[in-house]
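Only one structure is covered here, and it is reproduced in the block below.
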Amino acid sequence: MSTNEQFQAFIDACEDLRKSKIILADAKVSAIVRSIVSNPALVEVVGEALVGYNFAHELEMLSGSKSGISLPSEPYRVIAFVFSLLSEVDARRIDLQEFVDEHFEAESLAESFERFNNEVMIPFRECLCTWVSSGAPRKNSIASKDDTISNDSATSEDDDNKECNCGECQEDNIDTVDEFFANIEVILTQIKETIALDSKIKKDKLADLNITLNAMFEATAMQNFRIFNALLISLNNMLRSVKSVRFYHMELQNTVADFYLNNK
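-8 is the number of the first residue of the sequence shown in the numbering used here; add one for each residue after it.
Shown next as structure tokens:
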């Protein structure tokens, strides 16, 4: 699938959700998540937006009443919030119908769902597509989440707080990252081989798993943490109900947790 086709798949998935009835919306949400995960450009932006993001805290702040969800003004926070929300719906940890009914008051559930699409999904689609197509320096823009901190202040820290740039330390850091992604690749391979033999997994779910796993292999080869982190959210959600890979899934989570704990 070409890049243009991948973007169109995302736009089409959003439009399918808008046109659907809410009782059928769960499958449409899953299609949106899959369309993002299978698009490297989209998943890189989502991965950057999710760095250091606390969805539970954001949800509590944004959902204060039945009058609606007041999305933040910053595009990266819109992207992080809505992708996290869709992932929670996809994982069945949030019931979309209950969420819409609770936060988007209207005369009918259908009208509440229409409000949800207009006030949440359309801004999300526009933010994500605009951010990618603008060609803006996404990494710098998203990383500088606090506009009150200038580049000058970032470079004026005490030397004691700076990372050591000597050859020996840099080599140690590279070796640690290489080892991490090598271990991840082994675990992902074990997961992929196991699900291929699991007859209990439905064909459509197996296809979605393979799309995500293939994308994770690419992120691993590039050693791109932002893409890897975004894909990991989706993979974790899909693997929760797959008993055959429970051990490998736990091993994957522990490997990631140990790496981040030891490399703060």
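All C-beta atoms in this analysis are idealised placements derived from N, C-alpha and C, irrespective of residue type, glycine included.
As the structure is a prediction and not an experimental result, all values here were calculated from the model.
Between Ile27 and Val37, the C-beta spacing is below 8 angstroms.
Non-local C-beta neighbours of Ser235 in its own chain, meaning closer than 6 angstroms and more than five positions away in sequence, comprise Thr185, Asp189, ordered along the chain. For Leu226, the enclosing alpha helix (DSSP H) starts and ends at 216 to 230.
Of all alpha-carbon atoms in Phe115, Glu89, Ser232, the one lying nearest the alpha-carbon of Ser61 is that of Phe115. If you draw a straight line from the Cα of Ile224 to the Cα of Ser78, it comes to about 8 angstroms. For Ala97, the secondary structure class from DSSP, reduced to helix, strand or coil, is coil. Of the candidates Glu110, Thr203, Val168, the residue whose Cα lies closest to the Cα of Gly59 is Glu110.
Residue environment analysis places Lys19 among the buried positions, since at least 16 neighbouring C-beta atoms fall within 10 angstroms of its C-beta.
Close CB contacts of Phe95 within its chain, under the 6 angstroms cut and outside five residues either way in sequence, are with Gly59, Ser103, Arg106, Phe107 (chain order).
Cβ atoms of Thr246 and Ile192 stay farther apart than 8 angstroms, at about 23 angstroms. Here Val236 carries a helix assignment [DSSP, helix/strand/coil].
Here Arg217 is near Glu35, since their CB atoms are less than 8 angstroms apart. With respect to Met207, Leu230 sits apart: the two C-beta atoms are not nearer than 8 angstroms. From the listed residues Asp166, Arg84, Asn30, Leu15, the smallest Cα separation to Ala47 is found for Arg84. For the set Val168, Phe172, Leu33, Gln88, the Cα lying nearest the Cα of Phe74 is the one of Leu33. Within the model, the alpha-carbon separation for Phe72 versus Ser11 is close to 22 angstroms. For the pair Leu8 and Ser21, the Cα-to-Cα distance works out to about 10 angstroms. For Pro66, the uninterrupted alpha helix (DSSP H) run begins and ends at 66 to 81, by DSSP.
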